[in-house]
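A.B. asks: Taking this note's numbering, the leading residue of the sequence shown gets 1, the next gets one more, and so forth. Below is one structure. I have some questions about it.
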Amino acid sequence: QVGTRSRARSRAPPARSGPPPASARTSGGPGGLRRAMGIAGSIAESPLRSYLQNEFDRVVKSRARLLYLHQIQQLQPPQDVHLDLRHLATLWKLDRDHDGSVTFEELLEFAEFCNERRRFLGSLDFERKLRAQCVVDLWEVIRDEKGEEAFADWVVLLIAQGERHQTFAASPHVPFMSGDAVMTLYELLKPCQIVSQIDQQGFLDLLQQIGETMNLMSLQSEELDDWVPVMVVHRWSRRLVSYYAGLFRLLGLEPPKTSVQDISDACGGLA
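The following block contains the structure:
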């Protein structure tokens, strides 16, 4: 029988700085940023490039000039552009090299992608159409086992946010990630209605119980109270994306059988 530990404290995601005032998100000379998305030319040659650079500089914390997840989620798009930076498929698209962090060049490339998609798809309900397009692009990766593995690798990097894995005397050959990283994963899963199934502490306990079942840790070791084996998080993430891909097949939504519009209409919360 798997043991459990009770913990009294609750967890909350790290505080985020507030957005800049609306006036700061609509400046940029004649035409401003209101017409920046959907323009015929390049974002790099429009007022939006300067805006993106200022936003990047506002939220970046690392000396390496990399944005990790909680900084990415502090970015404020121009006033007339709505992006969901908590949507896993969108984050996958934004992080071009899938190393768990975003450079300014990746941010600019993503803006060019959004601009091109807005010209093609139109401004009506663009946020949902963009999410659906990102789902289509992700599907091209996760449709096979190699892609599922790559996605799980990326999730581990994304939620670690540059934090190094740790080892402990109780399990000296097992790398662990912190409970804070696990809570970041929990936050990302909220659109999948995880809150209706399990609370934050229960999610942490569940992953630790899996770790004990896999003989990776002991629940009796106090030094491991707030840590989860990396292998457990990776395995859980891979099973999640495998289920996600299977659901697409079951619903007959595999591209190119269906269009971005069809996926947007059919997926609801998934896309």
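Glycine is no exception: its CB is placed at the ideal position from the N, C-alpha and C atoms.
#1: In the structure shown, what three-state DSSP assignment does L157 receive?
#2: According to DSSP, simplified to helix, strand and coil, what is T103?
#3: Name the DSSP beta bridge partners of M177, please?
#4: How big is the Cα-Cα spacing for M217 and L247?
#5: Taking C-alpha atoms, which residue in R235, F151, L108 lies nearest to D99?
#6: What whole-angstrom Cβ distance do Q161 and L69 have, given they're in contact under 8 Å?
#7: Specify the secondary structure class of L185 as computed by DSSP and reduced to three states.
#8: Quick check for students: name the residue ranges of the alpha helix (DSSP H) that lie wholly in the segment 100-140, counting only runs of 4 or more.
#9: Output the distance between the C-alpha atoms of R118 and V174, rounded to the nearest integer angstrom.
#10: Write down the C-beta distance between A89 and L121 rounded to the nearest angstrom, noting that I regard them as a contact closer than 8 Å.
#11: Out of E45, Q71, L185, S46, which one is the CA nearest neighbour of D57?
#12: Count the other CB atoms within 10 Å of the CB of G31; is the residue buried (16 or more) or exposed (fewer)?
#13: Look at the alpha carbon of E222 and the alpha carbon of V156, and state the distance between them as a whole number of angstroms.
#14: Applying the 10 Å Cβ sphere with the 16-neighbour rule, what's the burial state of T184?
#15: Per DSSP, what kind of secondary structure is L67 in: helix, strand or coil?
#16: If V102 sits next to L94, beta carbons under 8 Å apart, how far is it from one beta carbon to the other, in whole angstroms?
#17: Measuring alpha carbon to alpha carbon, tell me which residue in S46, G41, S242 is nearest H145.
#18: In three-state terms, what does DSSP make of Q200?
#19: The ligand MG heavy atoms versus the CB of W236: any closer than 7 Å?
#20: For L48 versus P78, is the C-beta distance shorter than 8 Å?
#21: Use the C-beta contact count for L251: other C-beta atoms within 10 angstroms, 16 or more gives buried, fewer gives exposed.
#22: If you draw a straight line from the C-alpha of P229 to the C-alpha of L124, how long is it?
#23: Using three-state DSSP, classify Q209 as helix, strand or coil.
#24: Sorted by chain position, which residues of the same chain lie with C-beta nearer than 8 Å to L224's C-beta, five sequence neighbours on each side aside?
#25: For K61, which residues from the same chain have a beta carbon less than 7 Å from its beta carbon, with the 5 sequence-adjacent residues on both sides left out?
#26: At which residues does the alpha helix (DSSP H) containing Q53 begin and terminate?
C.D. replies: Concretely, from the data shown:
#1: Here DSSP, grouped into helix, strand and coil, assigns L157 to helix.
#2: Here DSSP, grouped into helix, strand and coil, assigns T103 to coil.
#3: M177 pairs with V228.
#4: C-alpha separation (whole angstroms): 32 Å.
#5: Comparing Cα positions, the closest option is F151.
#6: Taking a contact as a CB-CB distance under 8 Å, the pair Q161 and L69 counts as one, their CB atoms being some 5 Å apart.
#7: Helix, per DSSP.
#8: Correct list: 104-121.
#9: Between R118 and V174, the C-alpha separation is close to 46 Å.
#10: For a cut-off of 8 Å, the C-beta gap from A89 to L121 is around 16 Å, too long to register as a contact.
#11: The closest CA to that of D57, considering only E45, Q71, L185, S46, is found on Q71.
#12: Bear in mind that a pLDDT of 41 at G31, under 50, signals an unreliable position, so the number given afterwards is only what the model happens to contain. Looking at its Cβ environment, which holds fewer than 16 other Cβ atoms inside 10 Å, G31 is exposed.
#13: Going by the C-alpha atoms only, they are around 24 Å apart.
#14: Residue burial is scored here from C-beta neighbours: T184 has at least 16 other C-beta atoms within 10 angstroms and is therefore classed as buried.
#15: Strand.
#16: Right, the Cβ-Cβ distance comes to about 6 Å (below 8 Å), so this counts as a contact.
#17: First, the residue type needs correcting, since residue 145 is Glu and not His in the sequence shown. Taking each of S46, G41, S242 in turn and checking the Cα distance to E145, the smallest one comes out for S242.
#18: Three-state DSSP puts Q200 in a helix.
#19: Absent from the structure shown: the ligand MG. Ligands present: none.
#20: Yes, they are a contact pair.
#21: L251 is exposed by the Cβ-count criterion.
#22: Their backbone Cα atoms lie some 44 Å apart in a straight line.
#23: Q209: helix per DSSP, three-state reduction.
#24: The residues are F168, A170, S171, F176, Q208, M217, S218.
#25: Q71, listed in sequence order.
#26: First-last of the alpha helix (DSSP H) with Q53: 47-59.
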